[in-house]
Every structure is written in structure tokens, then in C-alpha cells.
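Structure record follows, encoded as C-alpha cells.
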Amino acid sequence: MASVLVVAIPAILAITLHEAAHGFVALGFGDPTAQERGRLSLNPMRHVDLFGTILLPAMLKLSGSPFIMGWAKPVPVDFSRLGNPRRDMVWVALAGPGMNIALALISALLFYALPLVPYSATGFAAEMLANSLEINVLLAVFNMIPLPPLDGGRVAVGLLPLAPARGLARTEKYGILLLLGAMIALPWLGSKVGVDLDLFTWTILPITDAVAELIAAVTGITSG
């Protein structure tokens, strides 16, 4: 049970606060949609997505993938209700990954509080903080992939000139399928033909490790 909790607790906090951050920033820029639908909540059950939070991580685990990822139910944002939709969209999108980086920093700093934890719980607390650091950095990096509906895709749509922004926005309906193909289908196909096609292991994990190491260096602790 402890081995599950040291991963589940930081993962649930990471996805819950990620989604809540989107909603609160959207509200600050004039869109109360998340508030109206009861999604400005710190209750994790309001943010759980059956596929993204439960089934996808399980599928990746069972497939033997070294890259385990998922997502929560997106907080609803009506961009037309924002004061300046293209500009404000960027800040709303950045709020989620920004929250995860903040949580990663807090997790690192909390290592300094470990001497205050009862000796019998020190190992559990240290492992949970290390997992929290890694999970939050991974969520931030993954979500900044510039493909809608991920946050990085929305940032790109908000920053690009109108013509390419519209073209990128039109890929949103296929974005999840493309991600699933890259996470599951390509590695599986590669294993059948003897070629390493695990794109996320090549790209996302090295960036995640680099960011986690940077946070560890800045805060004076070691990660992992």
C-alpha cells in the first residue's frame, strides 16, 4: 500500500492543482465557465478522467512502456469570454504547467523539513517528495508539447501569426489520437521490427531529467 501511496498522492495533487490553476486564471481574465460548472475545486474526483487518469496509465504500464503518462478531465474554458482571447489563452494555458513547476519547487524545498518528520516516516516522506518533484516536472514538460489540446499547443496558437495559428488549432480534434499513436502504437510497432520508436523516451524524459536536476541544483538538494 505504501508503494502505491508514494506515487498516488503526489500524482493526484499534481493533476488536481494543474486543472484548478487553469480555471482560476481563466476566471481572473473574465471567464467564469469553470466556476459555473463546479470545476474550481480541489476535490480530485471532479478532475478524474476515466481514460486519461486511469485507463491510459494502466495501458502504458501493461505494455511495458518506460513512459507512463496520463491527464485529468480538462477544465472548461470559453475563450470567447476572455477579455483578450488570443493573449489571455496563453496565460490560461501556462497556468497548468506553471503550477506543476511551482509544486516541483515546493517539493524540493520540503526536503529541508524532513528532520522534523518522525524517524519511522522519513523514508516514506522522502520518497513521496522525490516522486512529487519528478511527476510535476514530467507533467509540465509533457503538457508543453506544442500540439493542441495540450497546453503547449494552446500557447502556440496564441502566439503564432493568425494563419499558422488557425492551421494548428484545426489539429486539435486529432491531437489525442496523435499522442496515443506516439505513446503506444509507435513503440509497439518498433518492437516488432527491431527499431526503437519510443519518441517520448528520446525527447520528453531527457528534458524532464534536465529540469528536475536544475530544480535540485537551484534548491540545493539532489533529485531521484
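Letter 23 of the sequence shown, counting from 1, is numbered 765 in the working numbering, and no numbers are missing.
From the three backbone atoms N, C-alpha and C, an ideal C-beta is built for every residue, glycine too.
Here the structure is a predicted model, which means the values were calculated and not measured.
DSSP state of residue i mapped onto helix, strand, coil
{"i": "N842", "result": "helix"}
{"i": "K815", "result": "coil"}
{"i": "M743", "result": "coil"}
{"i": "F771", "result": "coil"}
{"i": "V834", "result": "helix"}
{"i": "D893", "result": "helix"}
For residue j and residue i, the rounded distance between their alpha carbons
{"i": "A756", "j": "S874", "result": "8 Å"}
{"i": "F853", "j": "W930", "result": "38 Å"}
{"i": "L910", "j": "V859", "result": "49 Å"}
{"i": "L797", "j": "P786", "result": "16 Å"}
{"i": "I946", "j": "L836", "result": "18 Å"}
{"i": "T913", "j": "I963", "result": "41 Å"}
Endpoints, alpha helix (DSSP H) assigned at residue i
{"i": "W944", "result": "L941 to T961"}
{"i": "I796", "result": "Looking at the DSSP string, I796 is not in any alpha helix (DSSP H), and its letter there is neither H nor E."}
{"i": "Y861", "result": "Y861 to N885"}
{"i": "T913", "result": "Neither: T913 is in no alpha helix (DSSP H) and is coded neither H nor E."}
{"i": "S783", "result": "S783 -> no alpha helix (DSSP H), and no H or E assigned at all."}
Nearest-angstrom Cβ-Cβ length linking residue i and residue j, presumed shorter than 8 Å
{"i": "M831", "j": "A763", "result": "Wrong, their Cβ atoms sit about 14 Å apart, outside the cutoff."}
{"i": "G900", "j": "R828", "result": "5 Å"}
{"i": "D972", "j": "D773", "result": "In this structure the chain extends from 743 to 966, so residue 972 is not present and cannot be described."}
Inspect the CB distances between the region 746-754 and the region 866-886 and report whether three or more fall short of 8 Å. Because the criterion of three Cβ pairs below 8 Å is met, the region 746-754 and the region 866-886 touch.
Determine contact between the region 767-784 and the region 862-869, defined as no fewer than three beta-carbon pairs at a distance below 8 Å. Contact between the region 767-784 and the region 862-869 is absent, because fewer than three Cβ pairs lie under 8 Å.
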